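A.B. asks: Here it is: the structure, laid out below.
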């Protein structure tokens, strides 16, 4: 409620909304360039993704390569990418979570919180 029962200052509300939108855009831009890693197989496979979840790199230790067992290598790649994406989601929560709460706590469409 507004102290004294007055009407909300629409200009002030619009300015606050614009600032939150700018803060959100800035945080999303930061996430797009930040990188996090995920590993599998004790470090045999390492995936690097951006904070927004885009796969940027994949490093496979030669010890993980067995021509007779490509299924295990594929499983390690999938696990490393999943681990990296989980780390990216945690980073999103850290960066965007406070902004989402500022928007009423309802979360941001398209993001997992």
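Numbering (full-length UniProt numbering), first residue to last: 1 to 113.
Cβ coordinates follow ideal geometry from the N, Cα and C atoms, glycine included.
Note that the coordinates shown come from a computational prediction; the quantities given were computed from them, not determined experimentally.
How many angstroms separate the CA atom of residue 25 from the CA atom of residue 49?
C.D. replies: When rounded, the distance between both Cα atoms is 19 Å.
A.B. asks: With H, G and I counted as helix, E and B as strand and the rest as coil, what does DSSP make of residue 71?
C.D. replies: If DSSP states are grouped into helix, strand and coil, residue 71 belongs with the helices.
A.B. asks: Nearest CA to the CA of residue 54: which residue from 84, 93 and 74?
C.D. replies: Measuring from the Cα of residue 54, the nearest candidate turns out to be 84.
A.B. asks: For residue 87 versus residue 38, is the C-beta distance shorter than 8 Å?
C.D. replies: Yes. Within cutoff.
A.B. asks: For residue 32 versus residue 81, is the C-beta distance shorter than 8 Å?
C.D. replies: It is not a contact, given that the beta carbons lie outside the stated cut-off.
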